[in-house]
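A quick write-up on the structure given underneath.
Residue numbers (the numbering used here), protein chains in the order written: chain A, 979 to 1242; chain B, 979 to 1242.
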């Protein structure tokens, strides 16, 4: 159905959320070893922000997002892509069923992340800053253990509250506040003995370059990891994700929570 | 051919170049009045960096890019989009023939830019930082005059050389050097009496937020203007493009030209 002169090689299910997808596209481009347009990856991003909330579905034990995700996979296959990436960790809850429905290989973000951790760390404790949906789904815990690492969950409720707040703030467009919330979660992970912290929600990838304090942890950006995996899979050279965009910090008020920001 | 639950409303012909498209997607998202994923625009970006160079085609007086651009328009129409945006100024050389082949309205970046200038300026002289292809095509000169403004072309060869260098540097991924070259071009525009400077190539939109010196000119970002026009056309609220990503400056060496960078 598509003219061969414009056929995309990489299909991207985007919009989950939109800023996380823009961040992925930016990183994919910045990490490609290219000096000219035509040395970049022909790609298609199907941005579907209208999908039901993934975490809500997992926590309520229903599969509302599965049918539209399958439709997106089907459309990308019709467009002739060689492989598919989903820059949304939580959506990987449905990975097996999506992969079973797809001709094109779907690259699992969790596999990409473990490969990325192993580039820097032989063993150690990994804290995961992820949605409650991703955590309930469990695919990261399995992969982190299978990769020879130990999951690290900071005690108490504050860690996950900060993570949830940061994710909500990115979705609402408040990047600087989200960075502050993420930094607090990283502090808690470091205090709990983590060696590495995984930004296991691509909303948090959006703030990765804006973090002024990573508490001495090795921070793994799941979007950057997925971008590198896509480039490797497609035979494109990749370089470090240098010179990524940072977003301006707001003055003061750095610890304002997402709910407080909504009320403000 | 596409499931209604995932139908995109906005089609984007991207990859011309890829970083300019990522910048457009970022700005479209940041400018949307939305607090949640599902308040954003369902969209599809067909990123076709493999297309023949647009400026080369215009200067050599051939239509090499037209057939693949038409194919992209056709694919986006098949995907059911309501309207189409091309975050590449030079490609608008073929606008009339593309629009004639499309069911979905194609939003002209030049119209979006003139609307954006009129938000801030009643009359005055507008310098255009654009590719030689866009300048030869002439669609901006016509629109700037029709909008009640006067085109301003800095004398001498240096202005266009700086613009060409900046565009090449963005395509090669050297954002900080591109910002320095753009700042020099803005200086020349200001010295030539311009009131406004149009970043009339979307590669230059990538450096817009990184400019530390705009020489007192009102700088119009063609990607941001196009994003605002798309949101208006689709009935989405838009806000100022605040908090856009900036890219880190390199130390020293700010005036290195693109060719020098290639040799380095």
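Where a beta carbon is used, it is the ideal one built from N, C-alpha and C, also for glycine.
- The alpha carbon of residue 1076 (chain B) has as its nearest neighbour, out of B:1106, B:1095, B:1101 and B:1041, the alpha carbon of B:1041.
- In the DSSP assignment, residue 1159 (chain A) falls within the unbroken alpha helix (DSSP H) covering 1153-1169.
- Close to residue 1203 (chain A), with beta-carbon spacing below 9 Å, lies no residue of chain B; the smallest spacing is near 18 Å.
- Using a C-beta cut-off of 8 Å, the segment 1200-1208 of chain B makes contact with the segment 1171-1186 of chain B, since at least three inter-stretch Cβ pairs fall below that distance.
- Around the C-beta of residue 1116 (chain A), fewer than 16 other C-beta atoms lie within 10 Å, and the residue is accordingly described as exposed.
- Between residue 1166 (chain B) and residue 1132 (chain B) the beta-carbon gap is near 4 Å, inside 8 Å, which marks them as a contact.
- In this structure, the alpha-carbon of residue 1210 (chain A) lies about 14 Å from that of residue 1012 (chain A).
- Between residue 1171 (chain A) and residue 1087 (chain A), the alpha-carbon positions lie close to 25 Å from each other.
- Taking a C-beta cut-off of 9 Å against chain B, the contacting residues of the segment 1018-1036 of chain A are 1018, 1019, 1020, 1021, 1022, 1023, 1024, 1025, 1026, 1027, 1028, 1029, 1030 and 1031, listed in chain order.
- In this structure residue 1147 (chain A) is buried. Its beta-carbon is surrounded by 16 or more other beta-carbon atoms within 10 angstroms.
- About 20 Å separates the Cβ atoms of residue 1099 (chain B) and residue 1160 (chain B), ruling out a contact at the 8 Å cut-off.
- When Cβ pairs closer than 8 Å are counted between the two stretches, the segment 1049-1060 of chain A is seen to touch the segment 985-996 of chain A, the count reaching three or more.
- When rounded, the separation of the alpha-carbon atoms in residue 992 (chain A) and residue 1193 (chain B) is 38 Å.
- Residue 1149 (chain B) belongs to the set of residues whose beta carbon lies under 8 Å from a beta carbon in chain A.
- Between the segment 1009-1025 of chain A and the segment 1082-1096 of chain A there are fewer than three inter-stretch CB-CB distances shorter than 8 Å, so the stretches are not counted as touching.
- For residue 995 (chain A), the chain B residues whose Cβ falls inside 7 Å of its Cβ are 1015, in order along the chain.
- Apart from the 5 residues on each side of it in sequence, residue 1035 (chain B) sits with its Cβ closer than 6 Å to the Cβ of 1042 and 1043 in its chain, given in chain order.
- Of all residues in the segment 1040-1073 of chain B, those with a C-beta nearer than 8 Å to a C-beta of chain A are 1045, 1046, 1049, 1050, 1052, 1053, 1056 and 1057, reading in chain order.
- Within the same chain, Cβ atoms closer than 6 Å to the Cβ of residue 1032 (chain B) are found at 1043, 1068, 1069 and 1111, the five residues on either side in sequence being excluded.
- Between the beta-carbon of residue 1181 (chain B) and that of residue 998 (chain B) there is about 5 Å, and that keeps the pair under the 8 Å contact cut.
- Rounded to whole angstroms, the Cβ separation of residue 1154 (chain A) and residue 1144 (chain A) is 11 Å, and the two are not in contact under 8 Å.
- Here residue 1094 (chain A) is near residue 1206 (chain A), since their CB atoms are less than 8 Å apart.
- Shown here for residue 1217 (chain B): same chain residues with a beta carbon closer than 7 Å to its own, the five before and five after excluded, namely 1009 and 1011 in chain order.
- Nearest Cα to residue 1215 (chain A) within the set A:1072, A:980, A:1052 and A:1018: A:1018.
- Per the DSSP secondary-structure output, residue 1103 (chain B) pairs in a beta bridge with B:1128.
- Straight-line measurement puts the Cα of residue 1091 (chain A) at about 23 Å from the Cα of residue 1169 (chain A).
- For the pair residue 983 (chain A) and residue 1046 (chain B), the CB atoms are nearer than the 8 Å cut-off.
- Residue 1022 (chain A) places its beta carbon less than 8 Å from that of residue 1024 (chain B).
- When 8 Å is used as the limit between beta carbons, residue 1156 (chain B) is near no residue of chain A, the shortest such separation being about 11 Å.
- If you draw a 10 Å sphere on the C-beta of residue 1096 (chain A), you find fewer than 16 other C-beta atoms in it, and that means exposed.
- In chain order, 1157, 1160, 1161, 1164 and 1197 place their CB closer than 8 Å to the CB of residue 1189 (chain B), counting only its own chain and leaving out the 5 sequence neighbours on each side.
- With respect to the C-alpha of residue 1208 (chain A), the residue from A:1185, A:1064, A:1073 and A:979 having the closest C-alpha is A:1064.
- Counting only the Cα atoms, residue 1139 (chain B) lies some 42 Å from residue 1066 (chain A).
- Comparing alpha carbon positions, the residue from B:1020, B:981 and B:1002 closest to residue 995 (chain A) is B:1020.
- The continuous alpha helix (DSSP H) containing residue 1002 (chain B) extends over residues 996-1009.
- Those residues of the segment 1075-1086 of chain A placed with their C-beta closer than 7 Å to a C-beta in chain B do not exist.
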